[in-house]
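Chemist: First the structure, then my questions, so here it is.
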Amino acid sequence: MVPGLTQYNPLWIEEPTSPDDILGHKAISEALAPHGVGVATGEMCQNRVMFKQFLQSGAMQFCQIDSCRVAGVTELLAIMVLARRFGVPVVPHAGGVGLCELVRHYSMIDYIMVSGEMEGRWCEFADHLHEHFTDPAVTKAGRYLLPSLPGFSTQLKEESARFYSYPAGTCWSNDKSAVM
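The sequence shown begins at 326 in our numbering and counts up by one.
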C-alpha cells in the first residue's frame, strides 16, 4: 500500500498499528524507510519509558507527545530530551479541547531549551473551540504565536464553564433553545 502512496510524498504515516506495539512500529518503520516515509507515534504513550523504547529501537521517526496524557511538564521535558538524544523531532499532538492552547508552550520550550531548531518541526493545530479560552491559541504564517497571558493558557472563560458545567450547565438542560 505505501509504495502507491509515495507519489504523494508523505512525510510520515501516523500510528500505523496498536499504539503500544513498539516492535510492530519498528517493523513498519523498517519497511517504510526505503520509501522515505517515517512513522509518527506517541500520542497514546503515557511515560518516558515507552518513549525511550520507541526511540531506542528506531520505531518512531516523529515523536508525537500528548501534553495531557503524560505526567506533566517534567515528563514532557524528559521525553523532549530523549527525542533530541536520538535525533527525532518532537511533533506535539493537539487534536483535543485545549490541546492547542497547551502545545504551543511545548513547541516553544522545544525550540528555546532543547532542539534550538524550527526546521523539521511541526505542531498540529485544530481550529475549533478556541473561543472558550481566555488566551486562545493563535497561528500566523503556519506558526503558533506566543501566549498573551501568563500560565498554561487553559483557563476557560467563565461563561463557557458555566454553560457546559455538568450537570447544572444550561447545555445539559431540557431547554433546546439554550445556545451559548
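Just so it is clear, CB atoms sit at the ideal spot from N, CA and C, and this is done for glycine as well.
As the structure is a computational prediction, the values presented were derived from the model and not from experiment.
#1: Quick check on DSSP: helix, strand or coil for residue 351?
#2: Quick one: residues in its chain with C-beta nearer than 7 Å to the C-beta of residue 353, no 5 flanking neighbours on either side, listed in chain order?
#3: Pull up the CB-CB distance for residue 419 and residue 449, whole angstroms please, since I reckon it's below 8 Å.
#4: Over what stretch of residues does the alpha helix (DSSP H) that includes residue 398 continue unbroken?
#5: Just to confirm before moving on: does the CB-CB distance between residue 390 and residue 367 stay below 7 Å?
#6: Mind the definition here: the region 468-476 touches the region 490-499 only if three or more C-beta pairs lie below 8 Å; say whether that holds.
#7: Do the region 421-429 and the region 475-484 make contact, defined as three or more Cβ pairs closer than 8 Å?
#8: Out of 402, 446 and 413, which has the shortest C-alpha to C-alpha gap to residue 373?
#9: Alpha carbon to alpha carbon, how far is residue 369 from residue 344? Give it in angstroms, no decimals.
#10: Which residues in the same chain have their Cβ closer than 7 Å to the Cβ of residue 454, if we skip the five residues on either side of it in sequence?
#11: Measuring only the C-alpha atoms, how far is residue 445 from residue 498?
#12: By how many angstroms is the C-alpha of residue 487 removed from the C-alpha of residue 362?
#13: Pick helix, strand or coil for residue 428, following the three-state DSSP scheme.
#14: On the CB-based measure, 16 or more other CB atoms within 10 Å of its CB, does residue 431 come out buried or exposed?
Modeler: Based on what the coordinates show:
#1: As a position in the sequence shown, residue 351 is number 26, starting the count at 1. DSSP places residue 351 in helix when its eight states are reduced to three.
#2: On the sequence shown, residue 353 is found 28 positions in, with the first residue counted as 1. If we look at residue 353 and ignore the five residues flanking it on each side, its Cβ neighbours are 341, 342 and 364.
#3: Mapped onto the sequence shown, residue 419 falls at position 94. Mapped onto the sequence shown, residue 449 falls at position 124. Between residue 449 and residue 419 the Cβ distance is about 4 Å, and since that is below 8 Å, they are a contact.
#4: Residue 398 sits at position 73 when you count from the first residue of the sequence shown. From DSSP, the alpha helix (DSSP H) with residue 398 extends over 397-410.
#5: Reading the sequence shown from its first residue, position 65 is the one you call residue 390. Reading the sequence shown from its first residue, position 42 is the one you call residue 367. In this structure, residue 367 lies closer than 7 Å to residue 390 by Cβ.
#6: no
#7: yes
#8: As a first step, residue 373 must be located in the sequence shown, where it is residue number 48. Answer by Cα proximity: 402.
#9: Position 19 of the sequence shown holds residue 344. Position 44 of the sequence shown holds residue 369. If I take the Cα positions, the gap works out to 6 Å.
#10: Taking the sequence shown and counting its residues from 1, the one referred to as residue 454 is at position 129. So the qualifying residues of the chain are 422.
#11: Numbered from its first residue, the sequence shown carries residue 445 at position 120. Numbered from its first residue, the sequence shown carries residue 498 at position 173. Those two C-alpha atoms are separated by around 47 Å.
#12: Within the sequence shown, residue 362 is the residue found at index 37, counting from 1. Within the sequence shown, residue 487 is the residue found at index 162, counting from 1. Rounded to whole angstroms, residue 362 to residue 487 spans 46 Å at the Cα level.
#13: Residue numbering aside, residue 428 sits at position 103 when the sequence shown is read from its first letter. Helix, per DSSP.
#14: For the purposes of this step, residue 431 is taken as the residue at position 106 of the sequence shown. Classification of residue 431: buried, given that the 10 Å Cβ count is 16 or more.
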